[in-house]
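What follows is a set of notes on a single structure, which appears directly below.
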Amino acid sequence: MTCLIRFLLLILVVAAQATDAAETQKKAAKKATRNTSFEFRFDDNLQQTADSIARQDQWFRDAKFGAFIHFGVYSTLEGEYEGRGSQHRYSEWIQVSAKIPADEYHQVASRFNPAEFDADEWATTFANAGIRYVVITSKHHDGFALFKSLVSEYNIVDYTAFKRDIIKELSEACHRRGLKFGVYYSQAQDWDEPDAPYIAPRLEGTRKFIHPDLPADFKPDMDRYIAKKSLPQVEELVKHYELDLIWFDTPSGMTMERAKQFSDTVRKHRPDCLINSRLIHGGKDKVDATFLSLYDYSSIGDKEVPTRKLPLYVESPDSVSSSFGYKTKGKCYYHTEEELIERFVHTVCAGGNYLLNNGPMGNGRLDPEAIRLYGVIGEWLNVNGESIYAAKRNPLPSRPEWGDISASKDGTTLYLHVLDAPPSGTITLNEVPGIIESAVFLATGEKAQFSQSDDVLRITLPKANVDEYDTVVKVQLSGQAASDTPAS
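Read in order, the letters of the sequence shown correspond to residues -18 to -1, 1 to 470 in mature numbering (1 follows the signal peptide of the UniProt record, and there is no 0).
Encoded structure:
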């Protein structure tokens, strides 16, 4: 009998493994057929509305570098709850990945007490790193708010012993340091609200784990959720806080009519406040020109770097680590300085801003490794910032193999970003738009040896890299501006 039981268990294990393998293959096939290339998502004839471009021009296009902050109840769990959930890449998804019932998660929330939070210290760290704007999670998908809300008591002031409004304190600290300030708000997903949708149909079953007391015949009503909580909280934010930007996310179920309610509310109370595309487009969705009037710029996919110039002004939401929330449990890694600076440069040279996330610790202090990485980028910007801030995208037809190109606004200066110096020690630039007057290394001001033949420029690099991460060569054109060319 024992042998028979073992045999039956073996059959069950093999069957389960076969099912898992089949499911994995099915997901891979589905992913392979989904076209998420930039060529597919961004038609070259897309054009932002005139009022959106005017809002961008007030500060956003020149800022180039922002700090993204994922901070909340989940920060205290660090990616795991009672041995569950650590397999998920993002620690801020712990309530779903660990299937934590609302009552239990509320208990975790009630104990959230970031007593070491210092808004001025955060703002100073960001400003010293060359960051120009800050975006923090005012309410993530777990439904818990980091601001005083009259709409729902499920917020840091009313629900915890901390009793302080983090959004208010950080907003004021950032503006004191000359930084622009924005908030992330999850307008569609809200796991604390049974009426709110989930980002994918496969997650719909999570609702019964989080809300086990729901009647069997319960039917979620997204419009009821929007009217009850989501839209009123957004109105609180734009009415009572000095916001320069509002960052929406995971627009499951968002239609033109629903999205317009949010856009209209922001425009009514804060007409210069920027709105990102995830109000209605997912990060890797095909951009529908019909919706361009609802938002001001395009947020591409999480941790995604543009591979080509894009017709709309974009923002890349990256992170210093593989998670957005603070994570120490399960698999997690930090990016290197080289990786982050390279991703930053490619984003700017494609025509966009780099929004680099960090996940503060549950005690309210910034992650020390995030501080270090921000500091390295800040040191690089102290020397090379001229090639980033107020620069425009690569005006030439293509990206060179050795790196990338940005340009001054008037097009008379090219900044050659040498990220991968060729073994020959010489970089070649084709389709140069005029006569080269001078070439110097931005970090030292020393002249670079160059030669030009028609529209081909060759620059000899020193044997030792001028910069550890990105040697920038400043090339001056003689009386002729480089005009932007179509993306390629």
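No residue lacks a Cβ here, since even glycine has one placed at the ideal position from N, Cα and C. The model shown is predicted, which means the values in this text are computed figures rather than measured ones.
Considering only residues of the same chain and omitting the five flanking positions on each side of TYR356, which have a CB-CB separation below 6 Å?
The residue labelled residue 356 in the question sits at position 374 within the sequence shown. So the list reads ALA111, once near-sequence residues are dropped.
In chain order, what residues of the same chain have a beta carbon less than 8 Å from the beta carbon of residue 517, not counting five sequence neighbours either side?
This structure does not reach residue 517, given that the chain is present from -18 up to 470, and the question cannot be answered.
Residues near ALA352 by beta carbon distance below 6 Å, same chain, minus five either side:
Sequence index remark: in the sequence shown, residue 352 carries index 370 (1-based). VAL302, ASN340.
I'd like to confirm the pairing. Which residues does DSSP put opposite ASP386 in its beta bridges?
Locating residue 386 in the sequence shown gives position 404, where the first residue counts as 1. Paired residues: HIS399.
Please state if the CB of TYR115 and the CB of ASP25 are separated by a distance shorter than 8 Å.
As a position in the sequence shown, residue 25 is number 43, starting the count at 1. As a position in the sequence shown, residue 115 is number 133, starting the count at 1. Not a contact, by the Cβ cut-off of 8 Å.
If you draw a straight line from the alpha carbon of HIS222 to that of GLN215, how long is it in whole angstroms?
In the sequence shown, counting from the first residue as 1, residue 222 sits at position 240. In the sequence shown, counting from the first residue as 1, residue 215 sits at position 233. In a straight line, the C-alpha of HIS222 is about 10 Å away from that of GLN215.
Extent of the continuous alpha helix (DSSP H) to which SER34 belongs
Within the sequence shown, numbered from 1, the residue matching residue 34 stands at position 52. It spans 32 to 37 - the alpha helix (DSSP H) in which SER34 sits, taken as one unbroken run.
Taking the CB atoms as reference points, tell me whether VAL165 and ILE118 lie closer together than 8 Å.
For the purposes of this step, residue 165 is taken as the residue at position 183 of the sequence shown. For the purposes of this step, residue 118 is taken as the residue at position 136 of the sequence shown. The answer is yes: Cβ separation under 8 Å.
PHE47 by DSSP, collapsed to three states: which one?
Looking up residue 47 in the sequence shown gives position 65. Looking at PHE47 - three-state DSSP - the assignment turns out to be strand.
Does DSSP classify GLN69 as helix, strand or coil?
Here residue 69 is taken as the residue at index 87 of the sequence shown, counted from 1. In the structure shown, GLN69 sits in coil (DSSP, three-state: anything other than H, G, I, E or B).
If you measure between the beta carbons of GLN169 and PHE273, is that distance less than 8 Å?
Counting from one through the sequence shown, the residue named residue 169 turns up at place 187. Counting from one through the sequence shown, the residue named residue 273 turns up at place 291. No; because the gap between Cβ atoms is not below 8 Å, this pair is not in contact.
Assuming PHE108 contacts THR142 under a Cβ cut-off of 8 Å, what Cβ separation, rounded to an integer in Å, is found between them?
As a working note, residue 108 is residue 126 in the sequence shown. As a working note, residue 142 is residue 160 in the sequence shown. Contact doesn't hold; Cβ gap of about 25 Å is too wide.
Cα separation between LYS201 and ARG66?
Here residue 201 corresponds to residue number 219 of the sequence shown, with the count starting at 1. Here residue 66 corresponds to residue number 84 of the sequence shown, with the count starting at 1. Rounded to the nearest angstrom, the two C-alpha atoms are 28 Å apart.
In chain order, what are the residue ranges of uninterrupted alpha helix (DSSP H) at least 4 long that sit wholly in the region 236 to 294?
238 to 251
When DSSP labels each residue in this structure, what does LEU378 get in the three-state scheme?
Within the sequence shown, the letter at position 396 stands for residue 378. In this structure, LEU378 counts as coil in the three-state DSSP scheme.
THR395: buried (16+ other C-beta within 10 angstroms of its C-beta) or exposed?
Counted from its first residue, the sequence shown places residue 395 at position 413. Buried: at least 16 other Cβ atoms inside 10 Å.
Please confirm if the region 78 to 85 is in contact with the region 137 to 155, defined as three or more CB-CB distances below 8 Å between the two stretches.
With the cut-off at 8 Å, the region 78 to 85 and the region 137 to 155 do not touch.
Beta carbon of PRO382, beta carbon of LEU411: below 8 Å?
Along the sequence shown, one-based indexing puts residue 382 at 400. Along the sequence shown, one-based indexing puts residue 411 at 429. Yes; because the gap between Cβ atoms is below 8 Å, this pair is in contact.
Opening and closing residue of the beta strand (DSSP E) in which GLU321 lies:
The residue given as residue 321 occupies position 339 in the sequence shown. In the DSSP annotation of this structure, GLU321 is not part of any beta strand (DSSP E); the continuous alpha helix (DSSP H) holding it starts and ends at 319 to 332.
Have a look at the DSSP bridge pairing and note the partners of GLN434.
Within the sequence shown, the letter at position 452 stands for residue 434. Partner(s): LEU439.
Can you give me the C-alpha to C-alpha distance between THR6 and ASN17, rounded to a whole angstrom?
Against the sequence shown, residue 6 aligns to sequence position 24. Against the sequence shown, residue 17 aligns to sequence position 35. Residue placement at THR6 cannot be trusted, given a pLDDT of 47 that sits under 50; the coordinates are not used to answer.
Which of helix, strand or coil does DSSP assign to SER131?
Along the sequence shown, one-based indexing puts residue 131 at 149. If DSSP states are grouped into helix, strand and coil, SER131 belongs with coil.
How long is the line joining the alpha carbons of ILE323 and VAL90, rounded to whole angstroms?
Numbered from its first residue, the sequence shown carries residue 323 at position 341. Numbered from its first residue, the sequence shown carries residue 90 at position 108. Their Cα atoms are separated by approximately 37 Å.
Could you tell me whether the Cβ atoms of TYR295 and ARG23 are closer together than 8 Å?
Translated into the one-based positions of the sequence shown, residue 295 becomes position 313. Translated into the one-based positions of the sequence shown, residue 23 becomes position 41. Result no, Cβ atoms of TYR295 and ARG23 do not sit closer than 8 Å.
Residue closest to THR58, alpha-carbon to alpha-carbon, out of ASP246, GLY307, LEU292
Taking the first residue of the sequence shown as 1, we reach residue 58 at position 76. Of the listed residues, the one whose Cα sits closest to THR58 is GLY307.
Is ASP39 buried or exposed, if buried means 16 or more other CB atoms sit within 10 Å of its CB?
As a first step, residue 39 must be located in the sequence shown, where it is residue number 57. The residue in question, ASP39, is exposed, as its Cβ has fewer than 16 Cβ neighbours within 10 Å.
State the CB to CB distance for the pair residue 484 and ILE387, rounded to an integer number of angstroms; the pair is presumed to be in contact (CB under 8 Å).
Residue 484 is absent from the structure shown; the chain starts at -18 and stops at 470.
The region 154 to 164 in contact with the region 193 to 207 per 3-pair CB rule at 8 Å:
no
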